Amino acid sequence: MLNRLFSHYFPLSISTFQQSLRFLSLTSINYKRSHADIRDGAVREINLHPEKIQTPLSIDVDKYYGGSGQVRETDFEKLIGDTNNPEILQVKYEDLPIVHMKCTRNNTLVDVSDCTGQQIFRTSCGVVGFHNAKKGTTTAAQAVGIHMGNNLLRRNMKHVRVVVKGTGPGRLMAIKGLQLAGIDIVTITDNTSIPTLHVGLQRPKKMRRV
Amino acid sequence: MWNVHSRFLARTVWVRNGEVDLAYRALNRILNNEDVFKTARLWERYEKPFRKRGRLCYEKAHEIYNNDMERKIKFLMRKNRVNPWPWN
């Protein structure tokens with residue numbers, strides 16, 4: 001009776017509640033112990049977020065993030081060089097040459113500079129022999145890396161730090177090209193320009209509609 | 001501190017044992033967590049105010065939906081347990 005009166009307000013809740021009460025009363029007398037055991041929650045263990053197994057491809061970012069992977073002021077005087085050859089002088093980190101990589105959508109420009117900032121040498125995808133749209137590809141970036149690497153070896157600069165600027169297809173492959181040529185990369189820094197809001201900010205171009 | 005080397009203090013990552021791939025991936029992960037690429041992409045071209053308003057509304061709705069969905073899934077997974085009435 002009551003069920004019918006309130007059925008259109010609470011269509012589901014009251015009927016199920018009554019049913020469950022009836023069910024409990026039937027079962028609890030005969031199977032009290034088992035019901036009490038299960039009531040306390042025999043839950044099957046489910047791993048919703050399983051722990052990540054450290055494979056060679058997965059990285060623990062915390063090690064780099066504020067840990068020993070980050071460069072500090074005291075690290076600038078760290079000596080870098082071949083530990084196997086004691087004859088070759090070890091160089092301080094702040095005296096290493098810098099390789100700048102500007103990775104745009106259509107091209108990648110790479111140039112080397114001294115520790116002070118004086119430019120020594122520069123290349124780009126056009127120098128290596130690509131034209132037009134093919135300059136903005138990963139293969140062209142790798143070729144640029146190899147070209148730059150060979151030139152660095154010629155000038156006897158084996159240890160190098162890399163600065164990457166911009167998002168583009170040549171971001172990773174240029175570094176790989178350097179590595180293939182046989183150069184020891186010490187650090188990778190990121191220098192993508194993040195414009196901040198201030199009074200003198202130049203408004204960028206309007207959106208492209210194709 | 002004005003120094004040529006000051007920009008090497010932030011957003012840098014050491015390369016260990018010649019593993020450039022891992023270092024690059026770690027750097028990318030850090031930058032993605034801090035939304036560096038997102039802001040760079042947004043400011044590449046000017047985003048008009050009406051589009052900005054629409055984007056913010058969409059992001060808020062997306063977050064609300066995601067949070068509620070996670071709550072629902074957590075709640076429903078409580079049903080995933082050993083059958084309390086195995087005799088049936």
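As given, the protein sequences belong to chains G and W, one line each in that order.
If you count the first sequence from 1, position 9 lands on 9 in the UniProt record's numbering, and the numbers rise without skipping.
If you count the second sequence from 1, position 83 lands on 83 in the UniProt record's numbering, and the numbers rise without skipping.
Ideal placement from N, C-alpha and C gives every residue a C-beta, glycine not left out.
These figures come from a predicted structure and were not determined experimentally.
Task: Backbone CA spacing between I185 (chain G) and N191 (chain G) [nearest angstrom] - done: 17 Å
Open item on the list: Buried or exposed, going by whether 16 or more other CB atoms sit within 10 Å of the CB of K72 (chain W)?
Closed with: With fewer than 16 other beta carbons inside 10 angstroms of its own, K72 (chain W) counts as exposed.
Task: C115 (chain G) - DSSP class collapsed to helix/strand/coil - done: In the structure shown, C115 (chain G) sits in coil (DSSP, three-state: anything other than H, G, I, E or B).
Task: Simplified DSSP assignment, three categories, for H131 (chain G) - done: Correct three-state label for H131 (chain G): coil.
Open item on the list: Using beta carbons (cut-off 8 Å, strictly below), is R33 (chain G) in contact with chain W?
Closed with: Per-residue confidence for R33 (chain G) stands at a pLDDT of 44, beneath the threshold of 50, marking its modelled position as unreliable; no derived number is given.
Open item on the list: Please report the distance separating the alpha-carbon of R203 (chain G) from that of E34 (chain W).
Closed with: 23 Å
TODO: Answer yes or no: do C115 (chain G) and R171 (chain G) have a C-beta to C-beta separation smaller than 8 Å?
DONE: no
Task: Cβ-based burial, F75 (chain W) [other Cβ within 10 Å; buried from 16] - done: So F75 (chain W) ends up on the exposed side.
- [ ] Between the Cα of N132 (chain G) and those of G:Q118, G:M148, G:N106, spot the shortest distance and give me the residue it belongs to.
- [x] G:N106
Open item on the list: DSSP three-state label for T12 (chain W), please.
Closed with: strand
TODO: Check each candidate in G:R155, G:N150, G:L178 and name the one with the smallest Cα separation from V162 (chain G).
DONE: G:L178
TODO: Mind checking who T189 (chain G) pairs with in its DSSP beta bridge?
DONE: G:V163, W:T12
- [ ] Pull up the CB-CB distance for T123 (chain G) and M157 (chain G), whole angstroms please, since I reckon it's below 8 Å.
- [x] The pair is not a contact, with the Cβ atoms about 14 Å apart (cut-off 8 Å).
TODO: Just the C-alpha distance for T57 (chain W) and E47 (chain W), rounded to the nearest angstrom, thanks.
DONE: The sequence as given places Cys at residue 57 (chain W); Thr does not occur at that position. Cα to Cα, C57 (chain W) sits roughly 15 Å from E47 (chain W).
- [ ] Please classify K52 (chain W): is it buried, with 16 or more other beta-carbons within 10 angstroms of its beta-carbon, or exposed?
- [x] exposed
TODO: State yes or no: is the C-beta of N151 (chain G) within less than 8 Å of the C-beta of F121 (chain G)?
DONE: yes
Task: Residue burial classification, Y65 (chain W) (beta-carbon count within 10 angstroms, cutoff 16) - done: exposed
Task: Neighbouring residues, chain G, relative to Y24 (chain W) (Cβ below 7 Å) - done: L172, I175, I188
Open item on the list: Let me confirm a value: R55 (chain W) is counted as buried when at least 16 other C-beta atoms fall within 10 Å, else exposed. Which label applies?
Closed with: exposed
- [ ] Give the DSSP-derived three-state secondary structure of M101 (chain G) in the structure shown.
- [x] strand
Open item on the list: Between W:D68, W:V15, W:K38, which has its C-alpha nearest S193 (chain G)'s C-alpha?
Closed with: W:K38
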